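Here is the structure we will look at, set down as structure tokens.
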Amino acid sequence: MAGAIYSEAQKSVARALTAARYEAGLKQADLAKAIGKHQSYISDIERGQRRVDILELYAIARALNVEPVDLYAQITSGLPQIVDV
2 MAGAIYSEAQ KSVARALTAA RYEAGLKQAD LAKAIGKHQS YISDIERGQR RVDILELYAI
62 ARALNVEPVD LYAQITSGLP QIVDV
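If you count by my numbering, then the sequence shown holds residues 2 to 86, one letter each, in order.
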């Protein structure tokens, strides 16, 4: 189903964001607090229940103390060339 939040591409994004958080040594609650959100917000992203827009990705990258372009590259490296949106 096109645009499904449960697509393989979305799961890949969720795995990459989770890995980046672990690499930064942060708990979900720590990351959520750093971007002014509740822990359940991060949980929803990491379970593939919520998509992330570009501004959210920017805020998450800054909170993880990584360059947004580097986080984007990490995320997209696991994606196929064409994805359903």
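Cβ atoms here follow ideal geometry from the backbone N, Cα and C, with glycine treated the same way.
Everything numeric in this text was worked out from a predicted model, so none of it was measured.
Here Q82 carries a coil assignment [DSSP, helix/strand/coil]. Y7 carries a coil assignment under DSSP once its states are collapsed to helix, strand and coil. Around the Cβ of Q11, a 10 Å sphere holds 16 or more other Cβ atoms; the residue is buried.
The residues I36, in chain order, have a CB closer than 7 Å to that of A60 in the same chain once the five nearest residues on each side in sequence are set aside. By the CB criterion at 8 Å, L72 and L58 fall inside the cutoff. Every unbroken stretch of the alpha helix (DSSP H) spanning 4 or more residues and falling wholly within the segment 45-85 is given here in chain order: 55-64 and 69-77.
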